[in-house]
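Protein chains in written order, with UniProt numbering: chain S, 1 to 256; chain F, 1 to 256.
Below, the structure is given as structure tokens:
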């Protein structure tokens, strides 16, 4: 009988084409690796997984939520151990619990939290590649924090997504948006850096990376806060910034 | 005319065979990459570098010291920028200053500081691979801290090195040795971990990794402190622990 489990999965996205499974020949995906581990553990080809959402190539997750359906009844703690024994080091299942058939990680998500990590120096550290992006310019943090406030609320994010996936509406609500300063302390090897933290009821394709790119341009003085406010509507405007690179982005938490 | 510079070089060792240059066909080395960048910047094949010591494959450096001799007179700040523009992202020159012909990074070093980072959980984080080793056992930290105290002082480290390089003596002095607990704070993505910190007047081949391996065995109760004390002499004894894996090791500082 098929059993359903809710898994919390952590992954370093560097080596992967993203969450979503692809034809084998395209390359490695996180979902593909999770499916393989589930097949080994359940000794079955009848494995089905659903993630809370896609993450792009190179994007990381601290808490991706996955529904796994397998023909195996197992204690969730043992499932965690068995899966981690069959997964590559850069994918870890950190929690499992019993779930039911009607749980859908995508549609039932109330909100999601993303972090975008970046340094803002002309030079960067040898250890931040893959983990923290670099915006090699002087940035005005105060202006960027004003930009974060502009994003909060219910807006049409037509100007902050990349087409490709069909969606019913471009309206999303941002609950929290801020920039934190992170020091790794005296004994860390990672450089001090910034975290663009955003919590919302949903995000369009590449939306977080476009919000970060627009915020960088605000910080550089290339875009004004008025231009930013003007872009939060259904009318297409000239793009306000780059798509910030994937290595800085972390799907941190999905709330149900 | 050949000019001499003292460089401080940071690198993530994951992709490299180590510091020391090897025949091109063997693979990438940090010194090889630094030499290539120096050749481009000085527009010359007449490039010579000397590191403070070798680091093995996969071992990192926060502050390797390198003497670079090139037929180019350039302001040290400009040299840093030019080199970083020609180096891969996982090698960074963080400082340069003028040096002289008689400076030898190896023999003039008064002391070196190494850190060895590790977690001690059955499970580990998806982000620590390449950067923090995992010792998947319950460890008795108190006993391990006693082991650190045993190492301090002037000892014959015959039982704590791998043969391969000719050395005049196996006697070295350890000035400081301790285990620190590192939290990455609320906003870090790396897991809380331990740092085995050691400062000494010199280290034999793989010595730090063997000290760490022996300390792990003390923490697991597989080796006693008396056995450890007994091994600090010129008489060969049965090996006291594994060579801890390279990814946890960082050459932090070389003092002159």
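Just so you know, even glycine gets a beta-carbon here, dropped at the ideal spot from N, CA and C.
If you're wondering where the values come from, they're calculated on a predicted model, not measured in any experiment.
Short of 6 Å from the beta carbon of residue 220 (chain S), and not among the five residues preceding or following it, lie these beta carbons of its own chain, in chain order: 137. Residue 153 (chain F) is positioned such that its CB atom lies no closer than 8 Å to that of residue 179 (chain F).
Chain F has no Cβ within less than 8 Å of the Cβ of residue 175 (chain S). A Cβ-Cβ contact shorter than 8 Å links residue 204 (chain F) with residue 160 (chain F).
Only 126, 127, 129, 131 from the region 126-143 of chain S bring a Cβ to less than 8 Å from some Cβ of chain F. The beta carbon of residue 48 (chain S) lies closer than 6 Å to those of 69 in the same chain, with the five residues before and after it left out. Residue 218 (chain S) sits close to residue 143 (chain S), with the two beta carbons spaced by under 8 Å. Residue 226 (chain S) sits in a helix when the DSSP states are folded into three classes. When 9 Å is used as the limit between beta carbons, residue 250 (chain S) is near these residues of chain F: 189, in chain order. Across the structure, residue 246 (chain S) and residue 100 (chain F) are spaced so that their CA atoms are roughly 44 Å apart. For residue 184 (chain S), the chain F residues whose Cβ falls inside 9 Å of its Cβ are 182, 184, 185, 188, 190, in order along the chain. Taking the beta carbon of residue 12 (chain S) as reference, the chain F residues within 8 Å of it are 126, 127, 129, listed in sequence order. Distance from the CA of residue 238 (chain F) to the CA of residue 4 (chain S), rounded to the nearest whole angstrom, comes to 51 Å. Sixteen is the threshold: when 16 or more other Cβ atoms of the shown chains lie within 10 Å of the Cβ of residue 29 (chain F), as they do, the residue is buried. Counting along the chain, residue 84 (chain F) sits inside the alpha helix (DSSP H) bounded by residues 76-86. Setting aside the 5 residues that flank it on each side, residue 232 (chain S) is surrounded in the same chain by 155, each with a C-beta closer than 6 Å to its C-beta; the list follows chain order. Taking the Cα of residue 57 (chain S) as reference, the smallest distance to any Cα among S:146, S:130, S:149, S:189 is reached at S:130. Per DSSP, the beta-bridge partners of residue 48 (chain S) are S:69. Taking 7 Å as the Cβ-Cβ cut-off, the region 229-249 of chain F has no residue approaching chain S. When DSSP states are grouped into helix, strand and coil, residue 177 (chain F) belongs to the strand group.
Pairing residue 63 (chain S) with residue 251 (chain S) gives a Cβ-Cβ distance under 8 Å.
Contacts with chain F (Cβ-Cβ distance below 7 Å) from the UniProt domain "Pseudouridine synthase I TruA alpha/beta" (8-103) of chain S involve 10, 11, 12, 62, 84, 89, 90, 91, 92, listed in chain order. The Cβ atoms of residue 39 (chain S) and residue 83 (chain S) do not sit closer than 8 Å to each other.
Interface criterion met: the Cβ of residue 195 (chain F) is under 8 Å from a Cβ in chain S. By the criterion of a C-beta distance shorter than 6 Å, residue 199 (chain F) is surrounded in its chain by 111, 113, 175, 176, once the five residues flanking it on both sides are discounted.
Boundaries of the alpha helix (DSSP H) around residue 215 (chain F): 207-219.
Straight across, the Cα-Cα distance linking residue 2 (chain S) with residue 71 (chain S) is about 4 Å. Pairing residue 66 (chain F) with residue 34 (chain F) gives a Cβ-Cβ distance under 8 Å.
Against chain F, the beta carbon of residue 123 (chain S) has neighbours under 7 Å at 84, 92, listed in chain order.
Taking each of F:135, F:241, F:158 in turn and checking the Cα distance to residue 118 (chain F), the smallest one comes out for F:135. Only residues of its own chain outside the window of five on either side were considered, and among them 205 have a CB closer than 8 Å to the CB of residue 163 (chain F), listed in chain order.
Taking a C-beta distance under 8 Å as the contact criterion, residue 59 (chain S) and residue 249 (chain S) qualify as a contact pair. Membership of residue 98 (chain F) in the beta strand (DSSP E) is indicated by the continuous run 91-98. Secondary-structure assignment with DSSP links residue 119 (chain F) through a beta bridge to F:134. Residue 149 (chain S) sits in a helix when the DSSP states are folded into three classes.
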